[in-house]
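For the record, the sequence lines run as chains Z and W. Counting from 11, one number per residue, gives the positions in the first sequence under our numbering. Counting from 31, one number per residue, gives the positions in the second sequence under our numbering. Think of the CB as a built atom: it goes at the ideal place given N, C-alpha and C, for glycine as much as any other residue. Here's the structure we're looking at; comments come further down.
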Amino acid sequence: MLQVRELECVRGDHRLFTGLNFQLRGGELLRLRGSNGSGKTSLLRTVCGLLEPTEGEVLWNGENIRRQRDEFNSALLYLGHHNGIKSELTAFENLRLGSALSGGGVSDEQIYDALEKIGLGGREDLPTQVLSQGQKRRVALSRLLLSEAPLWVLDEPFTALDVGAVDRLARLVEAHLKKGNMVMFTTHQEVDLRAGTLREVSLDS
Amino acid sequence: MNQSSLSGMWRAMVSRDLTLAMRRRADVLTTLFFFIIVVSLFPLGVSPEMELLRSIAPGVIWVAALLASMLSLGRLFSDDFQDGTLEQMLLLPQPLSVLVLAKVFAHWLVSGLPLVLLSPLLGMQLGLDSDGIVLMMVTLLLGTPVLSLIGAVGAALTLGVRGGGVLVSLLVLPLYIPVLIFGTGAVDAATSGMDYEGHLSLLGAFLVLSVVLTPLGTAAALRISVE
């Protein structure tokens with residue numbers, strides 16, 4: 011269970027949000043709303059532990075994430091604005107190295123399978139720098155298929171994706187929630203997500 | 031966390047960075063040619079007289095090695111920072127300092143080790159005798175990893191800062207001074223027939239100390255820079 015208590019975030023001398031409280035249990039989907047610059051990305055990064063909160067704390071299973079970083083990180087999958095893939099490596103190499111770094115356990119077949127499912131079949135062995143923006147995003151998203159992490163934190167996961175890929179990602183999120191896992195995300199698009207309990211947090215004051 | 035996942039992570043990190051370096055060979059070769067050219071300019075600029083060249087050889091090669099390793103520092107974290115892979119590294123369920131050490135090791139393999147291997151050639155060019163050349167290689171072998179390790183702290187601190195390249199040299203070059211003094215000192219001592227073991231022991235001590243301490247500093251600096 012993820013819990014956020016009295017969270018405050020200040021960037022520069024601008025206070026983005028203060029006194030923020032919410033929690034996320036298994037099977038729940040949390041959608042973050044807010045206009046541009048309202049602090050959605052900062053909140054997601056704070057939840058992941060990339061950003062130190064000015065006040066308050068983020069708890070994972072009742073304990074501050076800073077005191078159990080390795081444990082929390084192995085339960086977390088974060089997809090940020092940047093795709094986090096190397097442009098010199100192929101889609102396959104990116105995923106294989108990514109999984110080896112996070113502890114391994116993923117076979118080559120699983121990686122090919124994931125790339126096939128996400129719609130990159132036949133392009134596994136191209137350097138990702140020759141792929142289009144949407145295809146690069148898909149490479150990053152294939153990590154979702156390979157990960158066992160119960161908590162997904164997705165920052166604008168639908169940008170640059172075509173209609174088919176948006177739909178596929180939505181089904182992926184639904185399947186993840188059905189397994190009793192958690193998803194926290196932001197988007198400006200209207201996406202049809204049916205599974206799980208939808209909660210919303212708005213950052214607009 | 032068990033031993034095998036840690037060593038698997040180490041292997042994955044090193045092979046990832048080596049693959050990247052192979053795909054971007056120009057970056058690696060720039061550093062090497064810089065090293066060769068800087069050293070080769072001295073006979074042209076100072077004097078072709080062998081006696082003089084021999085006496086300045088250790089200093090010239092060492093200073094060129096410092097500058098060359100400085101030159102390659104910029105790439106250590108900045109690419110990963112820009113494409114978001116650094117962010118992902120901070121979120122791995124592994125100790126960040128070990129990851130940093132693996133990265134620095136891979137960086138040394140492509141930017142430090144080649145300098146060590148090239149140094150005999152440059153030593154000969156400057157008229158060093160065979161003892162001097164061997165010792166030159168040994169001191170570089172002990173010293174260049176220290177340069178990469180200390181440089182990593184500077185590179186991590188200046189990540190995302192405009193003009194970071196200049197800033198990193200101001201931060202890091204003063205810290206390179208002890209390595210330079212004992213590195214050249216050992217070769218000088220050997221060519222003049224004095225005992226050089228003390229210098230080598232000190233270089234070894236620097237290496238041990240920086241392997242233990244700098245990854246912690248680099249990891250902390252990376253966490254701050256990514257905020």
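Supposed contact pair residue j and residue i - C-beta distance, whole angstroms, cut 8 Å
i	j	result
I180 of chain W	L205 of chain W	5 Å
G190 of chain W	L103 of chain W	With 8 Å as the limit, G190 of chain W and L103 of chain W do not qualify as a contact, their Cβ atoms being about 15 Å apart.
V69 of chain W	I91 of chain W	6 Å
E166 of chain Z	T197 of chain Z	6 Å
G49 of chain Z	L12 of chain Z	Incorrect: roughly 18 Å between the Cβ atoms, too far for contact.
M166 of chain W	S149 of chain W	5 Å
L237 of chain W	V196 of chain W	27 Å between Cβ atoms; not a contact.
Q199 of chain Z	F168 of chain Z	5 Å
L179 of chain Z	L151 of chain Z	6 Å
E98 of chain Z	L50 of chain W	6 Å
Span separating the alpha-carbon of residue i from that of residue j
i	j	result
G173 of chain W	L83 of chain W	22 Å
G247 of chain W	F32 of chain Z	34 Å
E18 of chain Z	L131 of chain W	34 Å
S84 of chain Z	F102 of chain Z	22 Å
L87 of chain Z	S142 of chain Z	23 Å
L171 of chain Z	G114 of chain W	19 Å
L96 of chain W	G115 of chain Z	41 Å
L40 of chain Z	T56 of chain Z	15 Å
R133 of chain Z	Q120 of chain Z	15 Å
F72 of chain W	M43 of chain W	38 Å
S157 of chain Z	L233 of chain W	44 Å
I163 of chain W	M154 of chain W	8 Å
L154 of chain Z	D177 of chain Z	15 Å
L74 of chain W	L156 of chain W	11 Å
P123 of chain W	L54 of chain Z	18 Å
P208 of chain W	D161 of chain W	23 Å
L101 of chain W	A220 of chain W	29 Å
A251 of chain W	A186 of chain W	6 Å
D135 of chain Z	L139 of chain W	26 Å
N9 of chain Z	A249 of chain W	Since the first and last residues shown for chain Z are 11 and 215, residue 9 of chain Z lies out of range.
A136 of chain W	L203 of chain Z	44 Å
E16 of chain Z	T51 of chain Z	18 Å
M224 of chain W	T214 of chain W	13 Å
E227 of chain W	E67 of chain Z	54 Å
C58 of chain Z	S109 of chain Z	19 Å
K133 of chain W	I128 of chain Z	31 Å
L60 of chain Z	G90 of chain Z	11 Å
V241 of chain W	G142 of chain W	15 Å
N191 of chain Z	G29 of chain Z	26 Å
G193 of chain W	F111 of chain W	15 Å
Proximal chain W residues relative to residue i, where beta-carbon distance stays under 7 Å
i	result
D118 of chain Z	By Cβ distance, chain W contributes nothing, its closest Cβ being about 14 Å from D118 of chain Z, past 7 Å.
N218 of chain Z	Residue 218 of chain Z cannot be examined here, being either before or after the span of chain Z that is shown, 11 to 215.
E62 of chain Z	E257
8 Å Cβ cut-off: residues of chain Z touching residue i
i	result
M43 of chain W	L111
E227 of chain W	Result: empty, since nearest Cβ-Cβ is about 41 Å, beyond 8 Å.
Three-state class that DSSP yields for residue i in the structure shown
i	result
V211 of chain Z	strand
R15 of chain Z	strand
E67 of chain Z	strand
R35 of chain Z	coil
M31 of chain W	Only weak support exists for where M31 of chain W lies, its pLDDT of 49 falling under 50; the value from the coordinates is given anyway. Here M31 of chain W sits in coil by DSSP.
R54 of chain W	coil
Y206 of chain W	helix
Y88 of chain Z	strand
R25 of chain Z	strand
E73 of chain Z	strand
R133 of chain Z	coil
D161 of chain W	helix
V220 of chain Z	Any question about residue 220 of chain Z goes unanswered here, given that chain Z covers just 11 to 215.
D225 of chain W	coil
R41 of chain Z	strand
V20 of chain Z	strand
T100 of chain Z	strand
L30 of chain Z	strand
V191 of chain W	coil
L141 of chain Z	coil
Chain-ordered neighbours of residue i on chain W, where CB pairs are closer than 8 Å
i	result
C58 of chain Z	L121
L69 of chain Z	By Cβ distance, chain W contributes nothing, its closest Cβ being about 17 Å from L69 of chain Z, past 8 Å.
Neighbour list for residue i in chain Z, Cβ cutoff strictly below 9 Å
i	result
D113 of chain W	H92, N93, G94, I95, K96 and S97
G61 of chain W	First, the residue type needs correcting, since residue 61 of chain W is Thr and not Gly in the sequence shown. Under the 9 Å cutoff, chain Z gives no residues; its nearest Cβ is about 18 Å from T61 of chain W.
L50 of chain W	K96, E98 and L99
Within chain Z, partners of residue i - CB distance below 7 Å
i	result
Q118 of chain W	G94
Per-residue contacts from residue i into chain W (C-beta, under 9 Å)
i	result
D80 of chain Z	M31, L122, P123, Q124 and P125
L154 of chain Z	What L154 of chain Z touches in chain W: nothing, since even the nearest Cβ is about 13 Å away.
Y88 of chain Z	E117, Q118 and L121
(request) Jot down the residue ranges of each uninterrupted alpha helix (DSSP H) in the segment 53-91 of chain W, minimum 4 residues, whole runs only, in chain order. (result) 55-75
(request) Please go through the segment 169-204 of chain Z and give each complete beta strand (DSSP E) segment of 3 or more residues, from N-terminal end onward. (result) 192-196
(message) Which complete alpha helix (DSSP H) runs does the segment 117-178 of chain W hold, if anything under 4 residues is left out?
(response) 126-141 and 143-155
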